[in-house]
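Just below is one structure, and these are the notes that go with it.
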Amino acid sequence: MKTSADIIIIGGGPSGSSTATHLSKMGYDVLVLEKAHFPREHVGESMLPFTYDLFEELGVLEDMKARFTRKPGVTFSNADASQESHWCFNRVIDGPQALSFHARRAQFDDLLLRNSEQNGATVIEGAAVTDMHFEDQGVKVIAEVDHGEPQTFTARFLVDASGQNAFIARKMGMQKPFKRLNVRQALSAHWVNVKLDDSLANGNIKIVHLGGEKLGWIWMIPIKDSLSIGVALNMSYAKQERKRLMAEHGRKGWEKALYLQEIQSSAAVMNVLQGAEMIDEVASNGDFSYYSEKKFDDQYAIVGDAGGFLDPIFSSGIYLGMMGAKLAAKGIDDLLQGRGKDRLEAAYQDISGGYQVVEELICTFYEPNSIAFSDITVDTNFSFRKFETAYSILHLILAGDFFTNHERYLKAIATLKSADMIEKFKSLTGHAEEAKMHEVCLMPA
Ligand SMILES: Cc1cc2nc3c(=O)[nH]c(=O)nc-3n(C[C@H](O)[C@H](O)[C@H](O)COP(=O)(O)OP(=O)(O)OC[C@H]3O[C@@H](n4cnc5c(N)ncnc54)[C@H](O)[C@@H]3O)c2cc1C
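First residue of the sequence shown? That's 707 in our numbering, and the numbers climb one at a time after it.
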């Protein structure tokens, strides 16, 4: 078994496998230590259009097109399905990138990991990293392969892509909560024999806003063979309901009971569920909304969820992880070639700018006095016309354009919260197309 490399990567999810491919293509000897045996299931199935170019660079675009569902946009709905708005990416993006993807993560993550091997990386599956030591001569990583005796692996540099395990941040006490974001619990499952409405049948993800004490949302993602339905709830509400439902359904049954209770209380979901059948167990995921205070140093870099996790309303996680991986790989290359840390620093400035934009957008979604994403039509008293150009910007942010333009977008989101400032930003962009928010996004012929 290979025990030394230039770079060791902990975790073979989208962030780890992307980092592995980029660094292998640059000529580095890369070793990925992945705890699970792939293919393994994972929550998070809807992607942003800005991942399209990344797939092309990694060399998996044609496989993506052949294997997964295409996604033309996002539909926001309120719980009783009386208001809907459709955000179609082709209104702000020209070219094939406007059509994104939804995928079952077992197959998607496996595709990316196998691709990293084809590009030269070595992957050891079943290898759970338990410890690490930074020494003058390099990095020592301890891992147990298939629950065997601890083994030592050595490298010049360590990349942590361990997802919500956040290996380095936890080990070094660097994990902090995003103070403005609430902790949430997500419950999800897959359904068949559903009655898709036009927006879902055309491939849109549908996000249903849940207000009040639930302070959450429901997702519906049309995947090739099924409809993924999940609900994210404010943790305080979920805990209160758990108490009540445990008495009735026991320790094992309360999560399913809560899941069904919440999705069945929304007309937007019930419209598609008539006669439908749930085909798997309810998966439960805590959404911790955290970040690592420090994300790189001379001997390590943290990418993807391992460095920070945000409420997944806007389907941003995979793109944040994969784009972060690309930027970090360039910085790591400079560092290992003796060209200094400037590029790594610049990479993490862009990465943290991207996270800031998404965090700001999430706060906007939950703020009752801010915009209601489902209620954006020309005739509403929310004054669509006044906000027209800012909405164009929002459209682009929803598509994933939040790294290089983060400063401009942060200002634009502030604009959406403050009517006084709107005039200032009116000239940024503007699309007559925005008036079509009530029209379903269509899949190109
Ligand atoms: C409820 C919910 C819904 C979401 N929906 C979306 C969505 O629609 N779209 C979207 O883009 N994102 C979504 N996300 C976020 C998305 O799933 C993540 O951002 C994405 O998986 C991050 O990829 P990653 O590679 O950083 O981490 P992961 O995909 O979690 O991969 C980490 C890997 O590291 C391995 N690992 C962990 N610890 C160790 C260890 N000690 N040793 C070795 N290996 C280890 C794990 O086995 C895993 O394979 C959602 C998240 C949640 C919780």
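Just so you know, even glycine gets a beta-carbon here, dropped at the ideal spot from N, CA and C.
Using a Cβ-Cβ cutoff of less than 6 Å, which residues in the same chain neighbour residue i once the five nearest sequence positions on both sides are dropped?
i       : result
Ser730  : Val736, Asn825, Gly826, Ala827
Ser724  : Met1028, Ala1031
Gly1059 : His1112
Leu760  : Met1028
Ser1022 : Val1064
Ser710  : Thr860
Met1149 : Pro778, Asn908, Gly909
Phe1088 : In this predicted model, Phe1088 has a pLDDT of only 38, less than 50, meaning its place in the structure is not dependable enough to derive any value.
Asp1173 : This structure cannot settle anything about residue 1173, because the visible part of the chain is limited to 707 through 1151.
Ala726  : Ile715, Val736, Val738, Ser822, Ala827
Asp816  : Phe744, Pro745
Phe840  : Gln1005
Ala895  : Met984, Asp986, Val988
Arg776  : Leu805, Gly909
For residue i, which residues from the same chain have a beta carbon less than 7 Å from its beta carbon, with the 5 sequence-adjacent residues on both sides left out?
i       : result
Gln881  : Ala872, Ala875, Tyr996, Ser998
Gly844  : Thr860, Ala861, Arg862
Asp695  : As displayed, the chain neither begins before 707 nor continues past 1151, which places residue 695 out of reach and without an answer.
Ala834  : Lys741, Ala849, Glu850
Trp923  : Ile913, Val914, His915, Leu916, Ala938, Ile1019
Glu1145 : His792
Cys794  : Pro778, Gly779, Cys1147
Thr1086 : Any reading at Thr1086 needs caution, since the residue's pLDDT is 36, under 50, leaving its predicted position unreliable; the model's value is listed next. Nothing listed; no residue qualifies.
Ile1103 : Val1063, Leu1067, Tyr1115
Arg1049 : Lys1036, Gly1037, Asp1040
Phe1109 : Met1029, Asp1056, Gly1059, Gly1060
Asp769  : Leu817
Looking at the C-beta of residue i, does it have a partner C-beta in chain B at a distance below 9 Å?
i      : result
Leu966 : Absent from the structure: chain B. Only one protein chain is present.
With residue i as the anchor, note down where its beta strand (DSSP E) starts and where it stops.
i       : result
Val937  : 932-940
Ser1058 : Note, Ser1058: premise wrong, no beta strand (DSSP E); alpha helix (DSSP H) at 1048-1072.
Gly992  : 989-993
Asp712  : 710-716
Asp1008 : Looking at the sequence shown, residue 1008 is not Asp but Ile. Element bounds for Ile1008: 1006-1008.
Between which two residues does the alpha helix (DSSP H) carrying residue i extend?
i       : result
Val975  : 973-979
Asp1040 : 1023-1042
Throw me the rounded Cβ distance for the residue i and residue j pair, which I believe falls under 8 Å.
i       : j       : result
Val1064 : Leu1116 : So it is not a contact: roughly 11 Å between Cβ atoms.
Gly718  : Glu740  : 4 Å
Ser721  : Leu754  : Not quite, the Cβ-Cβ distance comes to about 15 Å (not below 8 Å), so this is no contact.
Val937  : Ser783  : So it is not a contact: roughly 14 Å between Cβ atoms.
His808  : Ile985  : Actually they are not in contact, since the Cβ atoms of His808 and Ile985 sit about 17 Å apart, beyond 8 Å.
Asp786  : Ala973  : 5 Å
Ala1105 : Asp866  : In fact, because the Cβ distance is near 28 Å, the residues do not count as touching under 8 Å.
Leu964  : Arg948  : 7 Å
Gln891  : Ala953  : Wrong, their Cβ atoms sit about 18 Å apart, outside the cutoff.
Met838  : Lys877  : 7 Å
Ile1038 : Ala1007 : 6 Å
Leu893  : Glu790  : Wrong, their Cβ atoms sit about 23 Å apart, outside the cutoff.
Val978  : Leu902  : 6 Å
Glu747  : Arg811  : 6 Å
Ile799  : Met707  : Not confirmed; about 45 Å, so no contact.
Output needed for residue i: all residues of its chain with C-beta closer than 8 Å, excluding positions within five of it in sequence on either side, in chain order.
i      : result
Phe994 : Gln870, Pro883, Val889, Phe1015
Glu983 : Trp897, Val898, Asn899
Thr836 : Ile848, Ala849, Glu850, Pro856
Leu767 : Tyr758, Phe761
Val975 : Val914, Ile924, Met926, Ile935, Ile969
Phe756 : Gln803, Tyr1025, Met1029, Ala1105, Gly1106, Asp1107
Leu887 : Ser995, Leu1016, Asp1017, Glu1065, Ile1068, Cys1069
- Only counting runs of 3 or more residues, tell me where the beta strand (DSSP E) segments fall wholly within the stretch 812-880, in order along the chain. 828-831, 833-841, 844-851, 856-866
- Message: Which complete beta strand (DSSP E) runs does the stretch 723-805 hold, if anything under 3 residues is left out?
- Response: 736-740, 775-777, 779-784, 790-794
- Item | Ordered list of beta strand (DSSP E) runs contained in the stretch 887-931, each at least 3 residues | 890-898, 911-916, 922-929
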